[in-house]
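Colleague: Sharing a structure below in structure tokens format, with a few things to ask.
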DNA sequence: ATCATTGCAAACACTTTGCATACGC
DNA sequence: GCGTATGCAAAGTGTTTGCAATGAT
């Protein structure tokens with residue numbers, strides 16, 4: 051795992067303590083956290099931290115290509131540091147999100163389809179995850 | 051094109067004038083409108099129409115499997131009456147959304163991957179559309 | 001008469017903006 | 001000291017909720 055400061059600099063991002071901590075949090079929590087989860091995860095370590103800074107930082111990271119912004123439905127904006135091509139699976143019962151590494155014949159970055167240049171792709175599968183599958187009916191459950 | 055009342059009834063939806071009009075609007079505007087666009091498109095015909103009813107109706111339609119809810123980023127919830135398996139392409143310059151019919155080897159409804167049961171899938175490609183491609187730099191442009 | 005749908009107003013959640021303060025080179 | 005980052009408070013946006021009025025059978 052590369053040094054955080056160097057990693058930020060290599061993406062043309064001036065390192066600040068907040069930015070370093072957000073990056074560290076994303077690295078330690080690769081489960082596509084929301085902005086709020088990043089905030090909650092850091093507020094104890096940086097008591098003066100503001101949500102504005104989280105949003106600023108995550109948007110800035112996205113702009114610089116460091117994170118990918120995921121829209122997984124229901125105004126659920128999540129941030130993914132993992133830029134490998136992969137697919138997301140979201141459980142409609144518990145809300146858990148899984149990374150799946152499936153080979154896929156969809157057009158890739160740089161391909162042209164119907165005259166459109168593809169620069170990004172996002173695949174979202176939904177269903178019942180292996181954990182919820184085992185359980186009988188009942189209500190939704192909070193994500194772990 | 052099937053009769054609207056019958057179509058609603060066949061999906062266990064009691065037809066009301068608002069529901070019929072929303073369905074008609076979706077059929078005449080297959081460009082994945084937002085709730086606001088549906089509202090704007092109907093407010094002249096039904097002056098007493100409320101946004102609440104649009105949201106109620108669209109959510110009800112989604113629940114009954116009549117429309118698919120698309121999350122295309124940036125809190126952009128759109129509604130798609132077209133339930134054929136297809137892929138969406140969104141232009142990052144002008145915001146236009148295109149339907150693409152690509153064959154795709156991704157898991158389908160009913161497949162099981164890593165123990166997860168797939169019930170739905172959504173593929174979003176992003177990039178520069180064929181219209182914007184031709185244009186030189188400059189700013190974004192409103193969707194037609 | 002009963003039950004479902006509509007629609008207003010208010011509440012809500014999430015995100016962005018304006019601006020003053022603090023920080024780093 | 002100057003340019004940038006931070007953080008508070010407020011505004012903005014899109015959506016949902018509570019509830020009274022209306023409509024359908």
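Protein chains in written order, with our numbering: chain L, 51 to 194; chain P, 51 to 194. Glycine included, every Cβ here is placed at the ideal spot set by N, Cα and C. The structure displayed is predicted, hence computed values, not measured ones.
DSSP three-state call for residue 132/L: helix, strand or coil?
Modeller: coil
Colleague: Give me, in chain order, the residues of the same chain whose beta-carbon lies closer than 7 Å to that of residue 80/P; leave out the 5 immediate sequence neighbours on both sides.
Modeller: Around residue 80/P: 131, 132.
Colleague: Whose Cβ in chain P lies nearer than 8 Å to the Cβ of residue 148/L?
Modeller: 164, 166
Colleague: Just curious, the alpha helix (DSSP H) that residue 89/L is in, first and last residue?
Modeller: 85–92
Colleague: Looking at C-beta atoms only, is the number of pairs between the segment 135–150 of chain P and the segment 140–148 of chain L that lie closer than 8 Å three or more?
Modeller: Touching, no, given that fewer than three Cβ pairs across the two stretches are closer than 8 Å.
Colleague: According to DSSP, residue 182/L sits in a beta bridge with which residue or residues?
Modeller: Paired residue(s): none; residue 182/L is not in a bridge.
Colleague: For residue 104/P, which option in 115/P, 89/P, 98/P, 116/P has the closest C-alpha, if you only look at C-alpha atoms?
Modeller: 89/P
Colleague: Runs of 3 residues minimum, wholly inside the segment 107–161 of chain P: which ones carry the beta strand (DSSP E) assignment?
Modeller: For the segment 107–161 of chain P, whole beta strand (DSSP E) runs of length 3 or above, ordered along the chain, are 118–121, 127–130, 137–141, 147–150.
Colleague: Measure the beta-carbon distance from residue 174/P to residue 171/L and round it to whole angstroms, keeping in mind my assumption that it falls under 8 Å.
Modeller: 7 Å
Colleague: Mapping the DSSP letters down to three states, classify residue 163/P as helix, strand or coil.
Modeller: strand
Colleague: Looking at residue 129/P and residue 118/P, is the spacing between their C-beta atoms short of 9 Å?
Modeller: By the CB criterion at 9 Å, residue 118/P and residue 129/P fall inside the cutoff.
Colleague: Return no unless some Cβ of chain L is closer than 9 Å to the Cβ of residue 191/P.
Modeller: Only weak support is given to the placement of residue 191/P: the predicted model assigns it a pLDDT of 47, under 50, and the question is left unresolved by the model.
Colleague: Nearest chain P C-beta to residue 139/L closer than 9 Å, yes or no?
Modeller: Yes - at least one Cβ of chain P is within 9 Å of the one on residue 139/L.
Colleague: Going by beta-carbon coordinates alone, are residue 167/L and residue 91/P separated by less than 9 Å?
Modeller: no
Colleague: Contact defined as beta carbons within less than 8 Å: I believe residue 84/P pairs with residue 54/P. What is the distance between those atoms, to the nearest angstrom?
Modeller: The C-beta separation of residue 84/P from residue 54/P comes to about 21 Å, leaving the pair out of contact by the 8 Å criterion.
Colleague: Please identify the residue among 67/L, 157/L, 180/L, 164/L whose C-alpha is closest to the C-alpha of residue 95/L.
Modeller: 67/L
Colleague: Closer than 8 Å by beta-carbon distance: list the chain P residues that pair up with residue 123/L, in chain order.
Modeller: 119, 121
Colleague: Are any of the Cβ atoms in chain P nearer than 9 Å to that of residue 104/L?
Modeller: For residue 104/L, the nearest beta carbon of chain P is not closer than 9 Å to its own beta carbon.
Colleague: Among 56/P, 69/P, 77/P, whose alpha-carbon lies nearest the alpha-carbon of residue 110/P?
Modeller: 69/P
Colleague: Is residue 168/P helix, strand or coil by DSSP?
Modeller: strand
Colleague: Of the residues 134/L, 154/L, 184/L, 164/L, which one's Cα is nearest the Cα of residue 116/L?
Modeller: 134/L
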